[in-house]
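Notes follow once the structure below has been shown.
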Amino acid sequence: MEFIRLTESEFEKFATLIHEMAGIYLKESKITLLSNRLRKRLKAKEFSNFDEYYNYLKNSRDAYELDEMLNAVSTNETYFFRNVKHYDALIESIIPDFIEKRRTPVRIWSAGSSSGEEAFTLAMLLDEKGLLERNLVEIYGTDINTSVLEEAKKGLFDDKRLRTTPPQYITRYFKKIDTSLYELDRKIVNSVKFSRLNLKTDKFDAKYDIIFCRNVMIYFNKEDQEKIVQKFYDALKNDSYFIIGHSESLYFIKTGFKYIKISDAPLYYKGNW
Numbered sequence: 128m129e130f131i132r133l134t135e136s137e138f139e140k141f142a143t144l145i146h147e148m149a150g151i152y153l154k155e156s157k158i159t160l161l162s163n164r165l166r167k168r169l170k171a172k173e174f175s176n177f178d179e180y181y182n183y184l185k186n187s188r189d190a191y192e193l194d195e196m197l198n199a200v201s202t203n204e205t206y207f208f209r210n211v212k213h214y215d216a217l218i219e220s221i222i223p224d225f226i227e228k229r230r231t232p233v234r235i236w237s238a239g240s241s242s243g244e245e246a247f248t249l250a251m252l253l254d255e256k257g258l259l260e261r262n263l264v265e266i267y268g269t270d271i272n273t274s275v276l277e278e279a280k281k282g283l284f285d286d287k288r289l290r291t292t293p294p295q296y297i298t299r300y301f302k303k304i305d306t307s308l309y310e311l312d313r314k315i316v317n318s319v320k321f322s323r324l325n326l327k328t329d330k331f332d333a334k335y336d337i338i339f340c341r342n343v344m345i346y347f348n349k350e351d352q353e354k355i356v357q358k359f360y361d362a363l364k365n366d367s368y369f370i371i372g373h374s375e376s377l378y379f380i381k382t383g384f385k386y387i388k389i390s391d392a393p394l395y396y397k398g399n400w
């Protein structure tokens, strides 16, 4: 396929469609990025231009292709042991406190889990403490991208995803199966329950003790952020924790969360601190 690029009007149409479907907010500066990612779907479906593809998405009932389009445009860069201070707070303080209070199983949700590196990091740390096999903790991972969820279930990762993983964890939990490909221990893979969830449109029915949503809120506009944060708040039990990325903040969002620090990790708390 020859190189084609979205026009400004085409970009606006696709950006609106993607926001309506998933809540992902794309600035005009992302026009090249979106062009590159959508071009793969044009080739796969044998469309000659972006207008044809857009009209197909709008007028057909091809739910599979709508998912494939979202898979292509959603961002999935992640790696193991990212922002370790959050894990330190959970492993050394918060989770042991829940267990001591007999508040088990401790239910943890990784929202926007991508291919599972965040959830699996937590699972490895919990396993090291002997907490996985005792059924004291349940870990859930969700993402809108079905492709990355399938990757998570396979448990195969290239060495770039392990770039900040301490060597002792690579030795204990990974098996090198190719020059730059590693297989994660099935006990860790099977300890996380993965499912598809759209943060913008789906309901959050379950109740959790800890919710991770790191480096995800930046893809939503302020209006959607407020709605989604409220849904997270409602999905947490009382005396629970909400964790976002180190570069993110709820400062400009109306919320009932309290900002606190535990083990030098910034957290948001629901309850009476």
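Heads up, the sequence shown is in this note's numbering, so the first residue is 128 and it goes up one at a time.
The beta-carbon is built from N, C-alpha and C at its ideal position, and this holds for glycine as well.
- Ranked by Cα distance from Ile-338, the first of Lys-170, Phe-141, Gly-268, Glu-260 is Gly-268.
- The DSSP-derived three-state label of Leu-252 is helix.
- Between Ser-390 and Asp-215 a beta carbon distance of about 5 angstroms is seen, short of the 8 angstroms cut, so the two are scored as contacting.
- Put simply, of Thr-134, Arg-234, Ile-145 the residue whose alpha carbon is nearest the alpha carbon of Asp-194 is Ile-145.
- When rounded, the separation of the alpha-carbon atoms in Thr-202 and Ser-162 is 14 angstroms.
- The region 379 to 389 makes contact with the region 352 to 359: 3 or more CB pairs, one atom from each, lie closer than 8 angstroms.
- In this structure, Arg-288 and Tyr-206 form a Cβ contact; the two beta carbons are roughly 5 angstroms apart against a cut-off of 8 angstroms.
- Burial state of Arg-299 is exposed, judged by a 10 Å Cβ sphere holding fewer than 16 other Cβ atoms.
- For Pro-223, the enclosing alpha helix (DSSP H) has its first and last residue at 222 to 227.
- DSSP, reduced to helix, strand and coil, places Thr-143 within a helical segment of the structure shown.
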